[in-house]
Amino acid sequence: MLDKTYQPKEAEARAYRLWEEAKAFAATPERNAERFTIVIPPPNVTGKLHIGHALNNSMQDVLMRYHRMKGDDALWMPGMDHAGIATQMVVERALEAEGRSRTELGRDAFVERVWDWTRYSGETIRDQLRRLGVGPDWARERFTLDDGLSEAVRRVFVQLYKEELIYKDLRLVNWDPKLKTAISDLEVQQRETNGNLWHFRYPLEGEPDRYLVVATTRPETMLGDTAVAVNPEDPRYQDLIGKNLVLPLVGRLIPIVGDAYADPETGSGAVKITPAHDFNDFEVGQRHGLAMINIFDETAHLNDKVPEAYRGLERFAARKKVVEDIEAFGLLEQIEPHRHMVPHGDRGGVPIEPFLTEQWYLDAATLAKPAIAAVEKGETVFHPKQWENTYFEWLRNIQPWCISRQLWWGHRIPAWYGPDGTCFVELTEAEAEAAARAHYGKDEPLTRDQDVLDTWFSSGLWPFSTFGWPGEDAETQADLQRYYPGSVLVTGFDIIFFWVARMMMFGIHIMGEVPFKDVVIHGLVRDKNGKKMSKSQGNAMDPLDLIDRYGCDALRFTLLSLAVPGRDLKLAEQRLEGYRNFATKIWNAARFAEMNGATREAGEGFDPAGVTNPVNRWIIGKTLTAQADLEKALSAYRFDEAAGGLFHFIWHQLCDWYIELAKPLLDDEAAAAETRATLAWTLQQSLLLLHPMMPSLTETLWQELGYGEQGVLALQRLPQHPESLRDADADAEIDWLIELVSAMRTLRSEMNVPPKAQVDLLVSEASDLTKARMARQADTLRRLARLERLEAVAEPPAAGSALFVIGEATAAIPLAEVIDLGQERARLQKEVGKLEKDAAKLEKKLANADFLAKAPEEVVEENRERLADMQARAARLTQAMARLAS
RNA sequence: GGGCGCGUAGCUCAGCGGGAGAGCACUACGUUGACAUCGUAGGGGUCGCUGGUUCAAUCCCAGCCGCGCCCACCA
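In my numbering, the protein residues as written are -9 to 876.
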């Protein structure tokens, strides 16, 4: 006997054990079935998973379980990402708390320390995924810093280098002075900041009374100015082009250059040019052959390229001093408050510094072209499709990707330098040495490039590196052949650029084929007020905490229900409560089944086609519909509709109606056996349909109801039922029954008939069909409507009855004690009035010649039927009212 | 400055060309042997505003108002 409520905690652990014992998550290439592949977006080993991971993995798990149940060879590739900069920061912070630093430890010891952390975080994440009830093919788990994946990284790097798609270049990069590394454009966040525009006077050479006013938001960079630009079309300054200014505080002579970059409309129309510290100025500098003076060190302190008074100052301290000194010289024209966007490093959180360094770049524009074309051609399709705009927009404007990082945690760049700086890019040190020997004609000592690669470089290879590429053994080749490209990628919109686009570029270039067919983009999980969850705000919801309190199935079902495409999710605990209750509801339906013997034995040899009772035939048809709806929703990645459909089917059709309708049948000797079997079957089907979304509950019930002998639910197949199981007559009869019961209940409620009081129901002028239905459903009606007497009568009902129309019949409930003739007549009159009003609207529509001529025939017909039905009901009620009076 | 999206019942959201829906919340009633983590019934909406297209508009188009997100080098 089942407990009264579902106890998720033990059930989840037990179910997961069963799945692992049954190897339920393993791919089955040997079956040679249709294959279905998903590679997991590898979580960062920076700690633990958040609620967004719960959504992302629930969605994937639903697809996996569903496809496995359809009979596919389903492979879900698990793994994690070393997440270079992010993980290094976590460990550095831990060191800091111990009063140590990474430099103190040294590179090797530090990396060892990060590995320790990685093992710890990896274990945490694996546990969390298990608690979520999701089942990837654990035996295949990969890590981006595995030997195999590192080999893939080196291969791709060397190949692209030899193709001249990777190169080294000296130019401005986004430099994070806190983390002391270059970062890519994507890792820069523009933050609106309150600042100032400082207007400085730069005196003309030899004419100290004349000056140009330049404005800047970054006064300290003036120490690196090497020109001032004016627009050559600007009449105010044309004669000044070619002359020199004296750079205040420094004394350097800097030219006035004519460049269209200077906008006459902005500020004074003259703009200071600092080629080493501003991306625009860098270009101006290149055009005019200006000197580039780098005034910062890697921590954004001023270096010895500036006058002594400023050396060693931190950039903001320098700013203050520069302004003070300019003012002291009387060269400060004005200070204007100015709100503007300041670039910040998204990890370090400090303003980034455009910084002149040599870095490795990837020619992204070249790789982007086929990646754009593939989506244009529909080889990869985004869901919802509008995200393709975002993807296109970024790829069409893509800049060279800075892939080198001055970090320790990551894939070391496979480049070695000879004593003269010659660079050898090879797969291994031995190959580099060989290349060097060939180049120099003798052995020379080589030093390896100190930098590591942007973490997204290896993530970009994930769809094929995880299968063992570039391994050449038979197994790897078979896996790649079979499982690449993936079927679906499920991910958040926030990493379309970081990850999806990079996988597309690498996948097409390296493998010659897109890495996945469908990209399912989901939203961000926000709190109930729509605020982004964050630890510091204190509004973050911990998935494990929610699982502890509501069960993993409730959490999954909640997230899936809210996963409307193209929209963020607002998660309120009330929703979790609701779906926890849903789990309890199903549990109790199963409990009812168990109590009535509707378990596996009852369903043995059951053939739904042989069922005769309309109630049973009806629920069988509804089950087919539920399955069809589920399949439709999931094939369109509409997890919200899939969840909503099953919720409605199980709660409102199966529990509210079928179980209630089945109760009298279970007491009826003639119908009991068939009904028991139908109930068992329907519940079994429900468990199958619901399993992808609520795996633990359904698995537990599967075992409890005796299906364990057939194995775990996770490995069952979804049966395909013949459409002939649907029965329109049964549907019509049960619809009629439901309408009748509902009408009775409404009347009882409106008339304040005590719930326990038994009443009579007299159905007059009933057709043979109605009489037959009444006979068949008599027991059910008596029970659900609490009837004393049920009768088909020829005579009109006597006064003192409540009346309503059901189908082509009029029904009367004699309620002499509670009914007031006048009130009842008024009630009926009101209803007739409403019907007539609606009918009048339809009549008008149907009288419109344009409507008749232009609307499709079926629409016209439908309106006619509706009108006829309304008129018939109104007439019937009017007639009944007349009889009431007599 | 460009791009995308959203504004439907008190709340969260479906629906997107032919009868306004769900869940939660709310009100009334209810200890009927599955379930009070429940049941039954009920109230509640000029579908942001203004025009247009159409026989027909919550749904399509345009404009406006309000809100959000992404991208962008303006001093």
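The C-beta atom is built at its ideal place from N, Cα and C for all residues, glycine as well.
It should be emphasised that the depicted structure is a prediction, and the values quoted were computed from it without experimental measurement.
Short Cβ contact (8 Å threshold) for residue i with residue j
{"i": "Asn571", "j": "Leu656", "result": "no"}
{"i": "His878", "j": "Ser140", "result": "What the structure shows of the chain is the stretch from -9 to 876, and residue 878 is not part of that stretch, so it cannot be assessed."}
{"i": "Asn164", "j": "Pro333", "result": "yes"}
{"i": "Ile244", "j": "Ala217", "result": "yes"}
{"i": "Ile75", "j": "Thr445", "result": "yes"}
{"i": "Leu910", "j": "Ile640", "result": "The question about residue 910 has no answer, for the chain in this structure spans -9 to 876."}
{"i": "Val371", "j": "Lys507", "result": "yes"}
{"i": "Gly185", "j": "Phe15", "result": "no"}
{"i": "Ala364", "j": "Val504", "result": "yes"}
{"i": "Ser448", "j": "Val143", "result": "yes"}
{"i": "Leu715", "j": "Leu636", "result": "no"}
{"i": "Ala799", "j": "Glu755", "result": "yes"}
{"i": "Val274", "j": "Asp253", "result": "no"}
{"i": "Tyr110", "j": "Leu213", "result": "no"}
{"i": "Leu708", "j": "Leu678", "result": "yes"}
For residue i, the three-state DSSP class (helix, strand or coil)
{"i": "Glu223", "result": "coil"}
{"i": "Pro265", "result": "coil"}
{"i": "Glu326", "result": "strand"}
{"i": "Ile728", "result": "helix"}
{"i": "Asp646", "result": "helix"}
{"i": "Pro(-2)", "result": "helix"}
{"i": "Glu814", "result": "helix"}
{"i": "Glu378", "result": "helix"}
{"i": "Val442", "result": "strand"}
{"i": "Lys746", "result": "coil"}
{"i": "Ala806", "result": "coil"}
{"i": "Pro654", "result": "helix"}
{"i": "Ser91", "result": "coil"}
{"i": "Trp459", "result": "coil"}
{"i": "Pro193", "result": "strand"}
{"i": "Thr437", "result": "strand"}
{"i": "Arg590", "result": "helix"}
{"i": "Lys824", "result": "helix"}
Neighbourhood of residue i by C-beta, 7 Å cutoff - its chain only, sequence neighbours within 5 removed
{"i": "Cys645", "result": "Lys575 and Ala579"}
{"i": "Cys392", "result": "Val163, Ala172, Ser174, Gln349 and Tyr351"}
{"i": "Phe319", "result": "Pro238"}
{"i": "Asp721", "result": "Trp608 and Gly611"}
{"i": "Arg866", "result": "Val795 and Thr800"}
{"i": "Tyr(-4)", "result": "Ala573, Thr574, Trp577 and Leu687"}
{"i": "Ala633", "result": "Phe547, Leu550, Ser551 and Met683"}
Nonlocal neighbours in the same chain, by C-beta distance under 6 Å from residue i, ignoring five residues either side
{"i": "Arg191", "result": "Tyr201, Val203, Leu321 and Glu323"}
{"i": "Pro682", "result": "Val52, Arg55 and Tyr56"}
{"i": "Thr548", "result": "Arg565, Leu566 and Tyr569"}
{"i": "Leu752", "result": "Glu781, Val783, Pro787 and Ala802"}
{"i": "Thr18", "result": "Asp63"}
{"i": "Leu514", "result": "Asp558"}
Residues near residue i by beta carbon distance below 8 Å, same chain, minus five either side
{"i": "Arg337", "result": "Ile75, Ala76, Met79, Asp166, Leu169, Ile173 and Glu177"}
{"i": "Arg103", "result": "Val81, Leu85 and Leu95"}
{"i": "Thr456", "result": "Val29, Met67, Gly69, Arg130, Arg132 and Leu139"}
{"i": "Arg21", "result": "Asp63"}
Practice prompt. State whether the stretch 588 to 598 contacts the stretch 665 to 682, with contact taken as three or more CB pairs (one from each stretch) at a distance under 8 Å.
Written response: Contact between the stretch 588 to 598 and the stretch 665 to 682 is present, because at least three Cβ pairs lie under 8 Å.
Worksheet item: Touch check for the stretch 26 to 36 and the stretch 69 to 77: three-plus C-beta pairs under 8 Å?
Response: Contact between the stretch 26 to 36 and the stretch 69 to 77 is present: three or more C-beta pairs spanning the two stretches fall below 8 Å.
Worksheet entry | Given 8 Å, three or more beta-carbon pairs between the stretch 472 to 481 and the stretch 150 to 165 | Contact between the stretch 472 to 481 and the stretch 150 to 165 is absent, with fewer than three C-beta pairs closer than 8 Å.
Discussion item. For the pair the stretch 468 to 475 and the stretch 414 to 421, tell me if three or more CB-CB distances fall below 8 Å.
Written reply: These segments do not touch.
Practice prompt. With a floor of 4 residues, list each alpha helix (DSSP H) that falls wholly inside the stretch 10 to 83, ordered by position along the chain.
Written response: Here the runs fully enclosed are 41 to 59.
Worksheet entry | Sufficient close CB pairs (3 or more, under 8 Å) joining the stretch 305 to 312 to the stretch 115 to 133 | Note that the stretch 305 to 312 does not touch the stretch 115 to 133; fewer than 3 beta-carbon pairs, one per stretch, sit closer than 8 Å.
Fill in: Ranges of the alpha helix (DSSP H) found wholly within the stretch 330 to 375, counting only runs of at least 4
Qualifying alpha helix (DSSP H) stretches, in chain order: 354 to 366.
Worksheet item: How do the stretch 727 to 747 and the stretch 702 to 716 stand: do at least 3 beta-carbon pairs fall below 8 Å, yes or no?
Response: Judged by Cβ distances under 8 Å, the stretch 727 to 747 makes no contact with the stretch 702 to 716, as fewer than three pairs qualify.
Item to complete: Scan the stretch 127 to 177 and note each continuous alpha helix (DSSP H) run of 4 residues or more that stays entirely inside, going in chain order.
Response: Counting whole runs of 4 or more residues, the stretch 127 to 177 contains the alpha helix (DSSP H) stretches 137 to 152.
Item to complete: Kindly confirm or deny that the stretch 219 to 229 and the stretch 260 to 269 touch, where touching means at least three C-beta pairs closer than 8 Å.
Response: As far as the Cβ criterion goes, the stretch 219 to 229 touches the stretch 260 to 269, which means the pair count is three or higher.
Discussion item. Below 8 Å, how does it come out for the stretch 772 to 779 and the stretch 828 to 846: are there three or more Cβ pairs, yes or no?
Written reply: No, the stretch 772 to 779 is not in contact with the stretch 828 to 846.
Worksheet item: Does the stretch 397 to 416 come within contact of the stretch 431 to 443, defined as at least 3 CB pairs closer than 8 Å?
Response: Verdict: yes, contact present.
Worksheet item: Which runs of the alpha helix (DSSP H) spanning at least 4 residues fall entirely within the stretch 845 to 876, listed in chain order?
Response: The stretch 845 to 876 contains these whole alpha helix (DSSP H) runs: 847 to 875.
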